[in-house]
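Before any comments, here is the structure.
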Amino acid sequence: MVLERTFSILKPDATARNLTGAINAVIEQAGLRIVAQKRIRMTREQAETFYAVHKERPFFGELVEFMTSGPVVVQVLEGENAIARYRDVMGATNPAQAADGTIRKLFAKSIGENSVHGSDAPETAVIEIAQFFSGNEIVG
Ligand code: DAT
Ligand code: MG
1 MVLERTFSIL KPDATARNLT GAINAVIEQA GLRIVAQKRI RMTREQAETF YAVHKERPFF
61 GELVEFMTSG PVVVQVLEGE NAIARYRDVM GATNPAQAAD GTIRKLFAKS IGENSVHGSD
121 APETAVIEIA QFFSGNEIVG
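The opening position of the sequence shown corresponds to residue 1 in the UniProt record's numbering, with each subsequent residue numbered one higher.
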């Protein structure tokens, strides 16, 4: 059994519609433990750094605008195969293609305003967690 940690964001479209608790319920029902959580307003610099891998994409500007447009909830989730498991629980990037029961199918508004972020690999999870949390803020 491999206990993993992944980084999660409940995005501004989710906090705007008061969906923090509803999304956290889906996360917890999937067997993922929320071992760190805080509500923040991302700065432009934080959003640009976080999504730097997408900086040449045509949607980068609107992505940064959106992520800084309102509060987000940043989280660390822990569980067996947490990274892949959370990607499954989130559903496809485009909610029109997301499977039934996934967070994006249940709640996302569009491909851009798609309610949640989850790390895509162990290396990115480590980097993303470190951007927003110090070690003593994570209580497993
Ligand atoms: P994911 O969030 O599923 O890992 P990604 O890493 O490919 O998806 O893209 C990061 C975010 O960028 C995504 O959650 C929403 C936005 N995005 C991706 N593709 C987009 C598109 N074609 N149009 C608008 N926004 C897009
Ligand atoms: Mg991604």
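Glycine included, every Cβ here is placed at the ideal spot set by N, Cα and C.
For residue i and residue j, I'd like the C-alpha separation in whole angstroms.
i: V116; j: R57; result: 19 Å
i: K38; j: V72; result: 8 Å
i: I129; j: A82; result: 13 Å
i: M90; j: G135; result: 25 Å
i: G61; j: A14; result: 20 Å
i: R104; j: F7; result: 16 Å
i: V100; j: D88; result: As written in the sequence, residue 100 is Asp, which differs from the Val given in the question. Looking at the two C-alpha atoms, the distance is approximately 11 Å.
i: I111; j: R33; result: 26 Å
i: Q97; j: A125; result: 24 Å
i: L77; j: S119; result: 10 Å
i: N94; j: K109; result: 9 Å
i: R41; j: M67; result: 9 Å
DSSP three-state call for residue i: helix, strand or coil?
i: T6; result: strand
i: K105; result: helix
i: F92; result: The identity of residue 92 in the sequence shown is Ala, whereas the question assumes Phe. A92 falls in the coil class under three-state DSSP.
i: I138; result: coil
i: E45; result: helix
i: G31; result: coil
i: G21; result: helix
Is it right to say residue i is buried, meaning 16 or more other beta carbons lie within 10 angstroms of its own, or is it exposed?
i: N114; result: buried
i: P12; result: buried
i: L3; result: exposed
i: F107; result: buried
i: F59; result: exposed
i: G31; result: exposed
Which residue or residues does DSSP assign as beta-bridge partners of residue i?
i: A36; result: V76
i: H117; result: I9
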